[in-house]
Amino acid sequence: MTCKQEYSGTQKKRKGNWGMKVLRLYGPEKIRLEETAIPDINEEEVLLKTEAAAICGTDVRMWQYGYKGVDDGHPLILGHEFAGRIVEAGTKVSFYKPGMRVSMQPNIGCGICERCVEGKFHLCRSYRAFGINMDGAFAEYIKIPAQALKRGNLMVLPEEIPAEEAAVVEPLSCAFNGFSKCDVKPGESAMVAGAGPIGMCHAMLLHMAGARVLVNDINENRLQYCKQIFPYIDIYCGEDLAGYVDRWTKGKGLDVAVVACPVPSVQASVLTLMNFGGRVNFFGGIPQGQEPVPVDTNLVHYRELYLTGSTRSSIAQYRKTMGFVADGLLKVGGLITNRYGIEQAYEAFENAKMGMGMKHVFVF
Ligand SMILES: [Zn+2]
Ligand SMILES: [Zn+2]
């Protein structure tokens, strides 16, 4: 029996409900809300009904500047931060069953290379990711390929986590990857540069680890908003960050700094703020075409600094982070400021681009 015949029953069930709305990228500034067929799955795949999908800075950049390989002939459904419910599972799929609530760690590794066998699928040179180089979650349904199921990308959700909160665990897990490299200890002084959703994910983790947390940004309103949701943070917005850090740390300097903003001058100056033995995580890249940031190696040398970088997250980090949220250790609900139906996609993207609110989430 071929797959097609095998699934004819399912297709019949779907009769009358063939279409789904999707948000497709065709190139720079070319994003279209379209109606398309619900994907068919083969015997090793799973079909998910999307329940929530969050807009990431990456989505906004892909919309503004386009993305390699994406053009009129090769459109792409965006969206890599999502959660949903399984509505169909192929006959050869083990474990995953219709009805399960799940969320996705979106980076699928080849499974063979050195980094993959270490569990670092997110660093695989030929990794594929939903909404980046394969169709993503700004769609009412999404097909999960066999590879993702076998690697463990799909995580069954603890019942207590709402879909929209599960969706924003993806960026939180990326922050956790950076956090893990900083060896944070209780009572240490930590600064996060950049009060966006990623910056706040870092702030939450640093606080959970027992650090004092300072958040710096050039946008006073945004900082005030962050302070309301996370009263335990200190905030600073102004011209004399060095002076403020000096007073805030009683002359010692920062033990930990996370640079979660794509501003070269901030990235360059952060080393001067560090305490001896301080750890820096460069979380945000700088836009392509800009000069690389020079590093004062004398500061690294004489202060014995540790410079770290991180990108994306592993599946293990993703699951661990979801556990923090399920156990109530981290409250991500406050990050979600705007909710939309998929038909409000343009409005949602405009708002995200303007830096309005924090996380913008499509709910289905
Ligand atoms: Zn993202
Ligand atoms: Zn690999």
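With the numbering used here, you'll find the sequence shown wraps up at 693, consecutive numbering, no jumps. All C-beta atoms, glycine included, are put in the ideal place defined by N, C-alpha and C. What you are looking at is a predicted structure, and each value in this text was computed from that prediction instead of being measured.
Nearest residue (CA-CA) to residue i, options the options
i, options, result
"residue 574", "380, 518, 649", "518"
"residue 625", "642, 599, 548, 647", "599"
"residue 367", "391, 421, 347, 522", "347"
"residue 618", "499, 592, 546, 379", "592"
"residue 614", "631, 632, 639, 482", "639"
"residue 590", "377, 370, 563, 386", "386"
"residue 653", "495, 668, 391", "495"
"residue 542", "370, 456, 586, 596", "586"
"residue 358", "404, 364, 369, 373", "404"
"residue 568", "460, 594, 588, 562", "594"
"residue 487", "430, 677, 579", "430"
"residue 507", "621, 535, 447, 390", "535"
"residue 607", "528, 513, 437, 395", "513"
"residue 597", "605, 611, 584, 604", "611"
"residue 584", "570, 633, 623", "633"
"residue 529", "462, 485, 665, 683", "665"
"residue 550", "646, 383, 493, 686", "686"
"residue 378", "423, 356, 432", "432"
"residue 375", "605, 684, 477, 493", "477"
"residue 677", "354, 389, 545", "389"
"residue 406", "660, 479, 465, 369", "465"
"residue 672", "657, 454, 572, 468", "468"
"residue 688", "526, 547, 558, 657", "526"
"residue 448", "460, 434, 461", "434"
"residue 540", "554, 522, 561", "561"
"residue 473", "454, 419, 601, 521", "419"
"residue 391", "423, 411, 356, 424", "356"
"residue 500", "669, 380, 409", "409"
"residue 460", "383, 502, 401", "383"
"residue 643", "547, 498, 604, 680", "498"
Coil, strand or helix - residue i by DSSP
i, result
"residue 518", "strand"
"residue 687", "coil"
"residue 527", "helix"
"residue 446", "helix"
"residue 306", "Examination of residue 306 is not possible in this model, given that the chain is present from 330 through 693 alone."
"residue 319", "The chain is shown only over 330 to 693; residue 319 falls outside these bounds and no answer can be derived."
"residue 488", "coil"
"residue 578", "coil"
"residue 456", "coil"
"residue 665", "strand"
"residue 570", "helix"
"residue 659", "coil"
"residue 672", "helix"
"residue 538", "coil"
"residue 461", "coil"
"residue 473", "strand"
"residue 422", "coil"
"residue 440", "coil"
"residue 557", "helix"
Per DSSP, the bridge partner or partners of residue i
i, result
"residue 412", "381, 432"
"residue 564", "544"
"residue 680", "DSSP output for residue 680 lists no bridge partner at all."
"residue 400", "403"
"residue 356", "359"
"residue 318", "Outside the displayed span of the chain (330 to 693) sits residue 318, for which this structure offers no information."
"residue 349", "365"
"residue 468", "351"
"residue 533", "Partner(s): none; residue 533 has no beta bridge."
"residue 417", "376"
"residue 603", "583"
"residue 628", "For residue 628, which the question treats as bridged, DSSP gives no partner whatsoever."
"residue 692", "381"
"residue 478", "According to DSSP, residue 478 bridges with nothing at all."
"residue 501", "Residue 501 pairs with nothing; no bridge assigned."
"residue 483", "433"
Using the beta-carbon of each residue, find all residues closer than 6 Å to any heavy atom of ligand 1 and list them in chain order.
-> 385, 387, 409, 410, 499, 500
Relative to ligand 2, what is the chain-ordered list of residues with a Cβ closer than 5 Å to any of its non-hydrogen atoms?
-> 438, 439, 442, 445, 453
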